[in-house]
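Participant: Below: one structure in structure tokens.
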Amino acid sequence: MSQDKPNEHEDTKEWETWMDNLIIEDTLQKENIPFYQYSEFENVKLISGNIYEAFFKISRKTIALKCIKRHRKLEIHDNILKFYGITKQENANNYMIILEYSNNGSLRQYLKTNFQKMDWNTKLNLAKQISNVLMYLHSNEIIHGKLIKRHRKLEIHDNILKFYGITKQENANNYMIILEYSNNGSLRQYLKTNFQKMDWNTKLNLAKQISNVLMYLHSNEIIHGKLNSENILVQNGNIKLNVFGLTKIMPESLNFLQNTLGPIQYIDPQYLEIFGAIGKNKSSDIFSLGIILWEISSGNSPFEMEPSSNIDLLNNIVKGKREMIIQGTPPKYKEIYTDCWKHNGNSRPDISQVFKNLSEIIIPCEGVEIKTPQLQPYNVTDEVISVKSEISNKQKEKEVKSDPPFVDVADEVNIFIKDLFEFFIDSYEKQDLEIHSIMVKNYIREHNKNPVEILYEMISNQSHSHYRLASLIGFFYKNGIGTIVDNKMAFKFFSLATNEIINMKNTSPNSLSLRKLHENNREIGSIYLADMHLDGLGVKKNRKEAFKISSKVANEGSIRALEFVAMCYEFGCGVKKNEKKAFELNLWSAEEGCPVGQSRVSCCHIGGMGTAVDYSEAFKWAMISALSGNIFAMKIIGLCYSNGVGMGRDYEAGFKWFSKAAEKECSVSQYLLGHCYKNGEGIDKDEVKAFEWFKKSAENDHITAQYWIGKCFYEGYGTGKDTVKAIYWLNKAKENENMDANKLLEEIINKIV
Numbered sequence: 013m014s015q016d017k018p019n020e021h022e023d024t025k026e027w028e029t030w031m032d033n034l035i036i037e038d039t040l041q042k043e044n045i046p047f048y049q050y051s052e053f054e055n056v057k058l059i060s061g062n063i064y065e066a067f068f069k070i071s072r073k074t075i076a077l078k079c080i081k082r083h084r085k086l087e088i089h090d091n092i093l094k095f096y097g098i099t100k101q102e103n104a105n106n107y108m109i110i111l112e113y114s115n116n117g118s119l120r121q122y123l124k125t126n127f128q129k130m131d132w133n134t135k136l137n138l139a140k141q142i143s144n145v146l147m148y149l150h151s152n153e154i155i156h157g158k159l160i161k162r163h164r165k166l167e168i169h170d171n172i173l174k175f176y177g178i179t180k181q182e183n184a185n186n187y188m189i190i191l192e193y194s195n196n197g198s199l200r201q202y203l204k205t206n207f208q209k210m211d212w213n214t215k216l217n218l219a220k221q222i223s224n225v226l227m228y229l230h231s232n233e234i235i236h237g238k239l240n241s242e243n244i245l246v247q248n249g250n251i252k253l254n255v256f257g258l259t260k261i262m263p264e265s266l267n268f269l270q271n272t273l274g275p276i277q278y279i280d281p282q283y284l285e286i287f288g289a290i291g292k293n294k295s296s297d298i299f300s301l302g303i304i305l306w307e308i309s310s311g312n313s314p315f316e317m318e319p320s321s322n323i324d325l326l327n328n329i330v331k332g333k334r335e336m337i338i339q340g341t342p343p344k345y346k347e348i349y350t351d352c353w354k355h356n357g358n359s360r361p362d363i364s365q366v367f368k369n370l371s372e373i374i375i376p377c378e379g380v381e382i383k384t385p386q387l388q389p390y391n392v393t394d395e396v397i398s399v400k401s402e403i404s405n406k407q408k409e410k411e412v413k414s415d416p417p418f419v420d421v422a423d424e425v426n427i428f429i430k431d432l433f434e435f436f437i438d439s440y441e442k443q444d445l446e447i448h449s450i451m452v453k454n455y456i457r458e459h460n461k462n463p464v465e466i467l468y469e470m471i472s473n474q475s476h477s478h479y480r481l482a483s484l485i486g487f488f489y490k491n492g493i494g495t496i497v498d499n500k501m502a503f504k505f506f507s508l509a510t511n512e513i514i515n516m517k518n519t520s521p522n523s524l525s526l527r528k529l530h531e532n533n534r535e536i537g538s539i540y541l542a543d544m545h546l547d548g549l550g551v552k553k554n555r556k557e558a559f560k561i562s563s564k565v566a567n568e569g570s571i572r573a574l575e576f577v578a579m580c581y582e583f584g585c586g587v588k589k590n591e592k593k594a595f596e597l598n599l600w601s602a603e604e605g606c607p608v609g610q611s612r613v614s615c616c617h618i619g620g621m622g623t624a625v626d627y628s629e630a631f632k633w634a635m636i637s638a639l640s641g642n643i644f645a646m647k648i649i650g651l652c653y654s655n656g657v658g659m660g661r662d663y664e665a666g667f668k669w670f671s672k673a674a675e676k677e678c679s680v681s682q683y684l685l686g687h688c689y690k691n692g693e694g695i696d697k698d699e700v701k702a703f704e705w706f707k708k709s710a711e712n713d714h715i716t717a718q719y720w721i722g723k724c725f726y727e728g729y730g731t732g733k734d735t736v737k738a739i740y741w742l743n744k745a746k747e748n749e750n751m752d753a754n755k756l757l758e759e760i761i762n763k764i765v
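Add 12 to a position in the sequence shown, counting from 1, and you land on the number used in this note's numbering.
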């Protein structure tokens, strides 16, 4: 790159880029960091965010490239030293940086000279200025420190991601760091893909590798600070700890708490308790390690049934909430990770003790320490694509005697699965698909069952029963119940349910209930398969296929499928838009007794969709549906009473119906119930209860409720004032494009700054 000053008429942006590049090149020389031409890389492919995969021709290896951020925009902050430009020293080949002059020298010099005449207001002002500029750096995702220098000291350890050097992207002014490539992705991804075929020796090996590399960090007086399963990478089954920031870019929808601290499930509760008022220490890493050790034992991320944005989850972790122990975990292993996640950091072991304890665990080939299921785990994908003739062979294997305590647990789980499947069918028939997942999750939570065990038992059951349950297994994958969301797996299981052919000739009358289960499994699998085609989840979006599948099920006699076909006509999905046809199909479904069709007919009469506006008919059909248990219809009845639609206005009746729907987790009704308490409509005014219902609605992702709960925390309405929580909720509402939240958030931030 030429180091001659650009022409004065060139764009200012090019001048700034020239200076930036000069500074980076100077840093490379001082730190002796290898620089490679971008032409030395081929097959460059974007992985995520600003991270690329590429083949490094010199080393003949696949590596990762990550763009380096340059932060010229930081100069606008009054407390950051101004950078004015570059000059060249006369009679020498030295370039010099032109910086703002500080007449009092460093803080150390200033305190030495002035401390005796400083009062506490002056000291406090200095402290606030430093905190303010550090907050500005962190808001721009910048950590103040010499990261490359520290990393190069660490990279000699085999389990730490290697740093190879720097390159510059062609046709762009981006510098990129060259890092070792991890072909298995993050530990979270690795567990998701491989857990079903991992034995305990494999799990223990991962745990020991992670503990070993953390021991290396701590021996060098380095605290990782953000240890979680996304920050740990895996290469050919071996751990590669990321200490350089090569993480999957977090989606914007995640809150500022997670952006600052990482996923809250892994964070030391003592640190959460005072929200960063103290720095993290080695025991904080130990707590995070304990969570990761549990994750290795379960194959799932911690508290996956809880929204990671849930303030209650944060509070419950602080109060001692921990994950359930997984059946079959070696007792010594369980003891190790439960010691690691003790609340008091002083009660946790140090990393040397953790590694020593892990090393003492011996997993026998056929021992009594591990209680395994009836069969060894196997890969779920293999199960989906395997031929059905394998089932009879595996059924014989099931007859091998199992450990008695586990059999008892499995029987209990199987009884619950039967009840769950019946609830799954009933809620499918009565509820909209949007609320179906909420009801199933609540059912599992209310019965205090472990969704990981339920999913595992459904998949590993070697009889025909898991084909009958294929729609439920797909539902678990689609909604992240007992696993992470995996739309491809969901699509495969829904396909399995849809295409299953049942031969039930010459069956006894006692088999009629079994036939019904198969029919329900096939219908539900088909409708969810159509829904995935409609939205392009796990498969390429194909609305015509969605219409085709749902029409086929409807033609076979499913009144629930009629409503899905009606929706396709209403919005023109895979078929020409026809609102009149949509209304006729909804009416047909309603008259056949489908609660979902009945609530849809009510909406049609309210909005005049495919028929004339008729509030009396709207109220009639909504009431029929609500009395059958449809939650959406309960909300409609509440709105009809509150607004005097179809009958005289009756706030008390409106409150009653909002309550019914809210208690069944309808987020809109929870929000409306909050306003009933706020405005005294149908009930006495109660700020605390208004706050509580706004909070429940916000946690169920109602956007306007997220704004209101943030406003409540800011103003102290129904709760104590809490600016941190106010910013948290307003930020969530803002990310969901709520303009009121954006305005209030700006107001709060301006006051803080």
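By construction, the Cβ of each residue, glycine as well, lies at the ideal position given by its N, Cα and C atoms.
What's the C-alpha gap between I618 and I485?
Facilitator: In a straight line, the C-alpha of I618 is about 37 Å away from that of I485.
Participant: Which whole-angstrom value is the C-beta distance of V565 and E535, which I expect to be below 8 Å?
Facilitator: With 8 Å as the limit, V565 and E535 qualify as a contact, their Cβ atoms being about 6 Å apart.
Participant: With Y50 as the anchor, note down where its beta strand (DSSP E) starts and where it stops.
Facilitator: From DSSP, Y50 is part of no beta strand (DSSP E); its letter is neither H nor E.
Participant: Report all residues from its chain with a CB closer than 7 Å to the CB of S449; omit the five preceding and five following residues, and keep chain order.
Facilitator: Hits under 7 Å: N491.
Participant: May I ask you to verify whether the segment 661 to 669 touches the segment 698 to 708, counting CB pairs closer than 8 Å and requiring at least 3?
Facilitator: No, they do not touch.
Participant: Based on the DSSP secondary-structure assignment, which residues constitute the bridge partners of L245?
Facilitator: DSSP lists S198, K252 as partners of L245.
Participant: Measure the beta-carbon distance from S681 to K707 and round it to whole angstroms, keeping in mind my assumption that it falls under 8 Å.
Facilitator: The Cβ separation is near 14 Å, so there is no contact.
Participant: Cα separation between S472 and K592?
Facilitator: Cα to Cα, S472 sits roughly 47 Å from K592.
Participant: Tell me whether the beta-carbon of E693 lies closer than 8 Å to the beta-carbon of S654.
Facilitator: Contact: yes.
Participant: Label F68 either buried or exposed according to how many other C-beta atoms from any shown protein chain fall within 10 Å of its C-beta, with 16 as the threshold for buried.
Facilitator: Classification of F68: buried, given that the 10 Å Cβ count is 16 or more.
Participant: When you compare only the Cα positions, how much space is there between F53 and F175?
Facilitator: When rounded, the distance between both Cα atoms is 16 Å.
Participant: Should F703 go down as buried or exposed, given a rule of 16 or more other Cβ atoms within 10 Å for buried?
Facilitator: Result: buried.
Participant: In or out: H545 buried (at least 16 other Cβ within 10 Å) or exposed?
Facilitator: That one is buried.
Participant: I'd like to confirm the pairing. Which residues does DSSP put opposite A66 in its beta bridges?
Facilitator: In the DSSP output, where bridge partners are listed per residue, A66 has I75.
Participant: Cβ atoms of Y719 and N750: under 8 Å apart, would you say?
Facilitator: Yes, the pair counts as a contact, with Cβ atoms nearer than the cut-off.
Participant: Since I739 and I760 should fall inside the 8 Å C-beta cutoff, what is the C-beta to C-beta distance between them, to a whole number of angstroms?
Facilitator: Right, the Cβ-Cβ distance comes to about 6 Å (below 8 Å), so this counts as a contact.
Participant: Is it buried or exposed, E441, if we count other Cβ atoms within 10 angstroms and call 16 or more buried?
Facilitator: Label assigned to E441: buried.
Participant: Could you check where the alpha helix (DSSP H) with Y455 kicks off and where it finishes?
Facilitator: First-last of the alpha helix (DSSP H) with Y455: 445 to 458.
Participant: For E192, I'd like the list of residues in its chain whose CB is within less than 6 Å of its CB, leaving aside the five on either flank, ordered along the chain.
Facilitator: Excluding residues within five positions, the ones whose Cβ falls inside 6 Å are L173, K174.
Participant: Is Y176 helix, strand or coil by DSSP?
Facilitator: Y176: strand per DSSP, three-state reduction.
Participant: May I ask you to report which of helix, strand or coil DSSP gives D752?
Facilitator: Three-state DSSP puts D752 in a helix.
Participant: For L445, which residues of its own chain have a beta-carbon under 7 Å away from its beta-carbon, when the five flanking residues on both sides are left out?
Facilitator: D543, listed in sequence order.
Participant: Starting from the C-beta of S562, find all residues in its chain whose C-beta is less than 8 Å away, skip the five residues before and the five after it, and write them out in chain order.
Facilitator: Result list for S562: S538, I539, A542, A573, F576, V577, C580, in chain order.
Participant: Between K461 and I373, what straight-line distance do the alpha-carbon atoms span, to the nearest angstrom?
Facilitator: Using only the alpha carbons, I get a separation of about 29 Å.
Participant: Pairs of beta-carbons, one from the segment 188 to 207 and one from the segment 336 to 343, closer than 8 Å: are there three or more?
Facilitator: Output reads no: the segment 336 to 343 does not touch the segment 188 to 207.
Participant: Which class does E727 belong to by DSSP, given the choice of helix, strand or coil?
Facilitator: If DSSP states are grouped into helix, strand and coil, E727 belongs with the helices.
Participant: Figure out for me which residue from I429, N642, C615 has the closest Cα to the Cα of E677.
Facilitator: Taking only the C-alpha atoms, the option nearest E677 is N642.
Participant: For V625, which residues from the same chain have a beta carbon less than 8 Å from its beta carbon, with the 5 sequence-adjacent residues on both sides left out?
Facilitator: Result list for V625: H617, I618, G619, in chain order.
Participant: Please state whether the Cβ-Cβ distance between S223 and I363 is less than 8 Å.
Facilitator: Contact flag set, yes.
Participant: Could you name the residues of the same chain whose beta carbon sits closer than 7 Å to that of H169, not counting the 5 residues immediately before and after it, in chain order?
Facilitator: Excluding residues within five positions, the ones whose Cβ falls inside 7 Å are V225, Y228.
Participant: Report the three-state DSSP secondary structure of I329 (helix, strand or coil).
Facilitator: Helix.
Participant: Sort H230, V255, W353, W212 by Cα distance to S310 and report the nearest one.
Facilitator: Looking at the Cα atoms, W212 is the closest of the given residues.
Participant: In the DSSP assignment, find the unbroken alpha helix (DSSP H) run with D297 in it and report its ends.
Facilitator: Element bounds for D297: 294 to 310.
Participant: I'd like the span of the alpha helix (DSSP H) that includes W353, first residue to last.
Facilitator: Unbroken run through W353: none, as it is neither H nor E.
Participant: Could you check the C-alpha separation between G586 and N554 for me, to the nearest Å?
Facilitator: Each residue's alpha carbon lies about 8 Å from the other.
Participant: Of the choices S637, I636, F670, S628, whose alpha-carbon is the least far from that of M659?
Facilitator: It is S628 whose Cα lies nearest to the Cα of M659.
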